[in-house]
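Colleague: Numbering (mature numbering (1 follows the signal peptide of the UniProt record, and there is no 0)), first residue to last: -27 to -1, 1 to 935. We put the beta carbon where it would ideally sit given N, CA and C, even for glycine. Model, not experiment: these values are computed from the prediction.
(1) Any chance you could list the beta strand (DSSP E) runs of at least 3 consecutive residues sitting entirely within the region 774 to 851, in chain order?
(2) Taking just the CA atoms, how far does residue 596 sit from residue 583?
(3) Does the region 362 to 372 come into contact with the region 76 to 83, if we say contact requires no fewer than three beta-carbon pairs (one atom in each stretch) closer than 8 Å?
(4) Could you check whether residue 49 and residue 332 sit closer than 7 Å to each other, using their CB atoms as the reference points?
(5) With distances taken from CA atoms, which of 614, 320, 215, 274 is nearest residue 234?
(6) For residue 415 and residue 177, what's the separation of their Cα atoms in angstroms?
(7) Keeping to the same chain, check which residues put their C-beta closer than 6 Å to that of residue 114; ignore five residues upstream and five downstream.
(8) Would you mind listing the beta strand (DSSP E) stretches within the region 480 to 511 that are 3+ residues and don't spill past its ends, in chain order?
(9) Quick one: residues in its chain with C-beta nearer than 6 Å to the C-beta of residue 789, no 5 flanking neighbours on either side, listed in chain order?
(10) Mind checking residue 251: buried by the 16 CB within 10 Å criterion, or exposed?
(11) At the level of alpha carbons, what is the spacing between residue 446 and residue 545?
(12) To the nearest angstrom, how far is the alpha carbon of residue 501 from that of residue 277?
(13) For residue 577, which of 626, 145, 540 has the nearest alpha-carbon?
(14) Taking residue 344 and residue 70 to be in contact with their CB atoms under 8 Å, please state how far apart those CB atoms are, rounded to whole angstroms.
(15) Can you give me the C-alpha to C-alpha distance between residue 3 and residue 269, rounded to a whole angstrom?
(16) Identify which residue in 523, 465, 900 has its Cα closest to the Cα of residue 411.
(17) Name the DSSP beta bridge partners of residue 400, please?
(18) DSSP three-state label for residue 919, please.
(19) Does residue 89 come out as helix, strand or coil in the three-state DSSP assignment?
(20) For residue 539, which beta-bridge partners are listed by DSSP?
(21) Any idea which residues DSSP pairs residue 558 with across the strands?
(22) Got a sec? Which residues, its chain only, sit under 6 Å from residue -1 by beta carbon, not counting five neighbours each side?
(23) Is the Cβ-Cβ distance between residue 455 and residue 467 less than 7 Å?
(24) Is it buried or exposed, residue 31, if we count other Cβ atoms within 10 angstroms and call 16 or more buried?
(25) Over what stretch of residues does the alpha helix (DSSP H) that includes residue 148 continue unbroken?
(26) With distance defined between alpha-carbon atoms, name the residue in 205, 207, 180, 764 nearest to residue 194.
(27) Would you report the Cα separation of residue 99 and residue 82, rounded to the nearest angstrom?
(28) Among the residues of its own chain, which have a CB less than 6 Å from the CB of residue 6, if the five just before and after it don't count?
(29) List the whole-angstrom C-beta distance separating residue 95 from residue 157, where the pair is believed to meet the contact cut-off of C-beta under 8 Å.
(30) Under 7 Å Cβ to Cβ from residue 238, same chain only, skipping five residues before and after it: list those, please.
(31) Between which two residues does the alpha helix (DSSP H) holding residue 451 run?
(32) For residue 872 and residue 132, I'd like the C-alpha separation in whole angstroms.
(33) Look at the alpha carbon of residue 348 and the alpha carbon of residue 843, and state the distance between them as a whole number of angstroms.
(34) Within 8 Å, do at least three Cβ pairs link the region 248 to 267 to the region 205 to 219?
(35) Taking the alpha-carbon positions, what's the residue 930 to residue 37 distance?
(36) Please classify residue 384 as buried or exposed, where buried requires at least 16 other C-beta atoms within 10 Å of its C-beta.
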């Protein structure tokens, strides 16, 4: 536990808070609970939900009025996962293990994942309610984030295809699916009750980090007005339709706003829909001064906004990028206290009510809070700091007396502000809350006449009507819509928004933008979405501006006074597989900063870096072969922008990164951003032309295995290989591969090479005996010849003769090894778990136990449930998981892998029920080829392995990937 000094400080803080709101300051110190019960006047609160429960109103008042005296520490999924405990029990926690305290705030996320069955989703909603009850029982405040799958495509939340944000808006093609999810979350919120049956307050943080474009609800995938309507609908549906009244609503668009309130508020849904102003950022600099300056500027801006608007300011996500490293690899072992001290030193930034870091997933995953090692002493200092509050420091947070203020608000739910409408008729949906409205109408521009809207029916949110623009009005023009609210014959409210009529102008294939179709900066900003702070302007040649082509270009102006990078991005959709180069006209600013062009293709961000060092405009031509995955995407570091990847282009961004010693401000002009056909690629060797039938195989050998060029750069395809050549190739191909050569020496015959490949493959049994006149059935390599020919790796020399004595050429080596590499399942098996040193991170999802004994995992489940473990494995190219089960009381088996940075939940086909031992050649086999294509593409980044087993006792001896 913490020092007496800290507890005294906590009591004093609570007394100051209570006295500030409830009664004048008096002599002596009382706890917040005592003050709340004796206060003469209740605290006035203006919440999103005027009918919020007393406990929810009290929590709001407590957090709002901390007034910089303390900050609650939070940890995501603190009771779910960790490296200090094996299974969830509702008490164990890495933060508890390290400090003796639970965190004051515990974060949760939806337990639903892409592809999950409805019955399981409904069950998970109740499990989540139980988890929130566990957090409440340890004294923590609960907050909820939603990483919701793409409801338009069924992909995960990183899947930005299918226009998913617009698809879930009111009137959208998948709006009902969003309602269904919110129905289940309402079940969670209404079943998360305390010991007295009162709903537990939850800080609900939907649609977070939308200033970026990594989630489907991000900035590139809708206008600010469309995002605002997504947020507003979420609030109104839960509050007004589902009757959920234990939520505080948090808005957290991300981080890196340069202290600029306007940029932070770009997608703000309005004070009537937000209780908590949140901020998310992670640090990969080791708490450098530039990072701390940027952080404090943004949190100070947030603290001032919260004070002005009567909101809570919160650091809703923070942490070391990628988590705590092994000892010796951390950039700053005083990171936690350096960040805390920087925040506390600024009075406005110190208005931050809580700061929550991300989860410790256990296993080999890097934690965000340490339980041991070189970072632990500083985390303990952070914990001991009098200003940090953990669960045991919280008193009276649900007992404050409050009075709530009701508000009235009108907004046009659809079409959303600045949305594009491509055809009529246009359905109008207006939300009117807090007014005794008896008539609602919409007018268009300054035209005479009003469109009458019908009042909402029972359980519905909107006044509805229809607008019928003429066909000729769909001409890319902007129209002003005004909602008029009447009560008792008087107009009591008006709200304006705009829409764009007509489809977006079509650009030629491969063109990102030529900037010729924009009437003004507002139109430009609809397509190009800022990331961090910058200013966009159109450069016109008829006004003396220098452009790359046509009449217009785009200028991006920036300052690094309080940010280290800035950028803009726009959505794309196209097949660029026929293009070889990318061209951009650039008017640089001689700043010396780093210009980044980023293209998202097949879900991977690729980058190129034209120069900003000069002053003269230039045309940059960058072959797609030279683009590389973004440095932070280590899981895809080996991907390349080949034709297959370029078939699915979804986003283009421009970033400028600050460089030490470079200019701190500037402006760059861009034009004529487009993909173009490139020159035909040169052959990798001059003596293997592109039209050579073996060119693909030789290129593969060169690119992926080893370069066999001689002194003149030639491959010499007809040269006979010897075992020295072969050893060099096989060792480069696979560690230990040269051992497959065995006793072969000198030049290598086709018969010998067949034996070497067969050995490299693990000597699989051929389906049938080979029948060649020059390979006797009794020959030691007969099975090898049969296997290499029936698998299509090596073609026979003639119909009845294998060509056993013919010597292998370099071209044949490349051809046959290339074919060999394409065969599935030839990588050596990888044992994921052998349980020789314990449970190796395995845990149950609920009740039940796991233990290890004599190299086996022993599982005892009172009811069917998931068991699993977290880690990090590359299973790319693997086709099966085999599970050795020496004993079981009988079970059906479902498997789920958690894949990629989004931990996508992917289930292959289940296996038939087993009622007895299954080991060795009879082990249970999970067919990974039955995973969806999207999931198979993520097998290079496996984060978790999970099994769903029936009630009973089960013993697992090993889990192996093949």
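Modeller: By the coordinates alone:
(1) 803 to 806, 822 to 826, 829 to 834, 838 to 846
(2) 12 Å
(3) yes
(4) yes
(5) 274
(6) 33 Å
(7) 78
(8) DSSP runs (the beta strand (DSSP E)) wholly in the region 480 to 511: 484 to 486, 502 to 504.
(9) 766, 767
(10) buried
(11) Straight-line spacing of the CA atoms in residue 446 and residue 545 works out to 26 Å.
(12) 29 Å
(13) 626
(14) Residue 344 to residue 70, Cβ: 5 Å. Contact.
(15) Only weak support is given to the placement of residue 3: the predicted model assigns it a pLDDT of 33, under 50, and the question is left unresolved by the model.
(16) 465
(17) 439
(18) Three-state result, residue 919: strand.
(19) DSSP places residue 89 in coil when its eight states are reduced to three.
(20) Partner(s): 629.
(21) 592, 644
(22) Confidence is the limiting factor: at residue -1 the pLDDT is only 27, short of 50, which leaves the residue's position unreliable and the question unanswerable from this model.
(23) yes
(24) buried
(25) 148 to 164
(26) It is 180 whose Cα lies nearest to the Cα of residue 194.
(27) Cα-Cα distance, rounded: 13 Å.
(28) Here residue 6 scores only 39 on pLDDT, less than 50, and its place in the model is too uncertain to base an answer on.
(29) 6 Å
(30) none
(31) Taken as a continuous stretch (DSSP letters only), residue 451 belongs to no alpha helix (DSSP H), being part of the beta strand (DSSP E) at 450 to 460.
(32) 13 Å
(33) 22 Å
(34) Cβ pair count under 8 Å is below three, so no.
(35) 53 Å
(36) buried
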